[in-house]
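> Letter by letter, the sequence shown follows residues 20 to 383 in my numbering.
We put the CB at the ideal spot given by N, CA and C, even for glycine.
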Amino acid sequence: MRSRVSFSKVCALLIAMVLIGSTVTASAEEHDAVRLGDHMFATPVFGLANGPGGNGVLVADAGAGIVKLNREAGRLIAELPGVADVATKGRYNLLAVAATPPENETDPPGAAHLFRIDRRTDRIVPLANLTRFERRKNPDGGEIDSNPFDLASRRHLTYVADAGGNSIVVVNTKTRRMNWVATLPTQLASTDFIKDLIGCPDPELPPEEAEICDLPPMIPAQGVPTAVELGPDGAFYVSELLGFPATPGMSRVWRIERGARHAECGTDDRCSVVLEGFTSIIDLDFDRQGRLLVAEMDENGWLAAENDLGIGGTVNRCHLATGACRELGTELPMLTSVLARNRGRVLASVYSLIPGMADVIRVN
20 MRSRVSFSKV CALLIAMVLI GSTVTASAEE HDAVRLGDHM FATPVFGLAN
70 GPGGNGVLVA DAGAGIVKLN REAGRLIAEL PGVADVATKG RYNLLAVAAT
120 PPENETDPPG AAHLFRIDRR TDRIVPLANL TRFERRKNPD GGEIDSNPFD
170 LASRRHLTYV ADAGGNSIVV VNTKTRRMNW VATLPTQLAS TDFIKDLIGC
220 PDPELPPEEA EICDLPPMIP AQGVPTAVEL GPDGAFYVSE LLGFPATPGM
270 SRVWRIERGA RHAECGTDDR CSVVLEGFTS IIDLDFDRQG RLLVAEMDEN
320 GWLAAENDLG IGGTVNRCHL ATGACRELGT ELPMLTSVLA RNRGRVLASV
370 YSLIPGMADV IRVN
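Okay, here's the thing in structure tokens:
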């Protein structure tokens, strides 16, 4: 993510914001949400996935590793601090993306990898060094930065949404070869919303906020991919968070044709916008009816949430054929992921950055 503030830094800032006593949006219980269990997450909590065969729910708990929730009980099944997302791969294997300590002196601290986890032996095997790929290829040509945040797998190919690199990367899990699928473009975004929200011009604003008051009316905002999903039509669907100034209503969902490589969305006809008008999209998932679940981190944008001005996130269910969307849950505090389960149930992670409060709930 090459915005003024990276998404990984946003997460750290939100944690600090809560620890110093900032207010928190309404609780999940106030929205008729149902808690999935009483597991205490180390936090922060990011991706959710269905377990093999739909058995249980897998949770990417970056403070500890991969947690499995089943029948309202939770247990750590793989120690992998820094994990951002997890997916099942067959009956016995899992795939995960995580920022981990360097494995040798050539890796920078926090180098990110794609891992395979063998549940029969509990072995965690690195398949691809995503940070090294970003350094060598730098798909969008900007600052070198890698922050893989989401993944999707089809047969021997795994697709990673790199929120740091503004790109979708593909890894062949058999040959371990890597390539990039697409990059997301920048948009001109208005700074009026964030200026009004923090009270510009106010001579008593702290220096870091006063700088925002001096910004021009429009600035380029980077398209930051936060999720990649494989659609029922075989195409890839990618969510866009939108970088600084995180203007509400400008986040989009992109469709990228199957088999695309080196597509620069915005100028390449292999990419198209299928849904728009959202704010700070953080995750996507398809349900069994082919409807797309769209999770917005906060309706005021992630930058407002960072400044303790958030109002909570929203889970939407959208029909791609018509573009019609319905809100399933609103004002969800610190929403980071969404998951479609069987029988139409939808789960979400809330309070995801607060130790002792992070939870997985049913929102519909």
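(1) Rounding to the nearest angstrom, what Cα-Cα distance links S186 and I231 in this structure?
(2) With distances taken from CA atoms, which of S270, P158 and R360 is nearest L294?
(3) Rounding to the nearest angstrom, what Cα-Cα distance links I373 and G348 in this structure?
(4) In or out: V144 buried (at least 16 other Cβ within 10 Å) or exposed?
(5) Tell me which same chain residues have a C-beta within less than 8 Å of the C-beta of G218, skipping the five on either side of it?
(6) Note down the Cα distance separating T194 from A117, rounded to an integer number of angstroms.
(7) Roughly how many angstroms separate the alpha carbons of P220 and K214, rounded to a whole number?
(8) Give the DSSP-derived three-state secondary structure of I386 in the structure shown.
(9) What residues in its chain sit with their C-beta under 8 Å from that of R364, if we drop five residues either side in the sequence?
(10) Buried or exposed, going by whether 16 or more other CB atoms sit within 10 Å of the CB of P63?
(11) If I follow the unbroken beta strand (DSSP E) through K156, where does it start and stop?
(12) Quick check on the DSSP output: the alpha helix (DSSP H) that includes I231 runs from which residue to which?
(13) Thinking C-alpha only, which one of G268, N326, L149 and D287 is nearest E276?
(14) Applying the criterion that 16 or more other CB atoms from any shown protein chain within 10 Å of the CB defines a buried residue, is T140 buried or exposed?
(15) Would you tell me roughly how many angstroms separate the C-alpha atoms of S368 and V334, rounded to the nearest one?
(16) On the DSSP bridge list, what partners appear for R336?
(17) Using beta-carbon positions only, say whether L149 and S172 come within less than 7 Å of one another.
(18) Can you give the Cα-Cα distance for E283 and A323, rounded to whole angstroms?
(19) Can you tell me the Cα-Cα spacing of S46 and I330, whole angstroms?
(20) Look up Y178 in the DSSP assignment and give the residues it is bridged to.
(21) Thinking just about the alpha-carbon of each residue, which of P236, R90 and H132 is nearest to the one in A103?
(22) Please specify which runs of the beta strand (DSSP E), each continuous and at least 3 residues long, are wholly inside the segment 241-276, giving them in chain order.
(23) Please check the pair D181 and G66, which I expect to be a contact at CB under 8 Å, by giving their CB distance rounded to whole angstroms.
(24) Classify N319 as buried or exposed, calling it buried when 16 or more other Cβ atoms lie within 10 Å of its own Cβ.
(25) Given L358, which residues of its chain have a CB within under 6 Å of its CB, disregarding the five upstream and five downstream residues?
(26) Is it true that the CB of P239 sits closer than 7 Å to the CB of T205?
Concretely, from the data shown:
(1) 27 Å
(2) Residue S270 is the option with its Cα nearest to L294.
(3) 20 Å
(4) exposed
(5) L224
(6) 20 Å
(7) 8 Å
(8) Shown here, the chain extends from 20 to 383; a query on residue 386 therefore has no answer.
(9) R381 and N383
(10) buried
(11) Looking at the DSSP string, K156 is not in any beta strand (DSSP E); the run it does join, the alpha helix (DSSP H), is L149 to K156.
(12) P226 to C232
(13) Nearest of G268, N326, L149 and D287 to E276, Cα basis: D287.
(14) exposed
(15) Taking the straight line from one Cα to the other gives about 11 Å.
(16) L312 and R345
(17) no
(18) 29 Å
(19) Its pLDDT being 41, under 50, S46 is placed unreliably in this model, and the coordinates cannot settle the point.
(20) DSSP lists A171 and V189 as partners of Y178.
(21) Nearest to A103 by C-alpha distance, out of P236, R90 and H132, is H132.
(22) 244-249, 255-259 and 270-275
(23) Not really, about 14 Å apart at Cβ, beyond 8 Å.
(24) buried
(25) L67, D304 and L366
(26) In this structure, P239 lies closer than 7 Å to T205 by Cβ.
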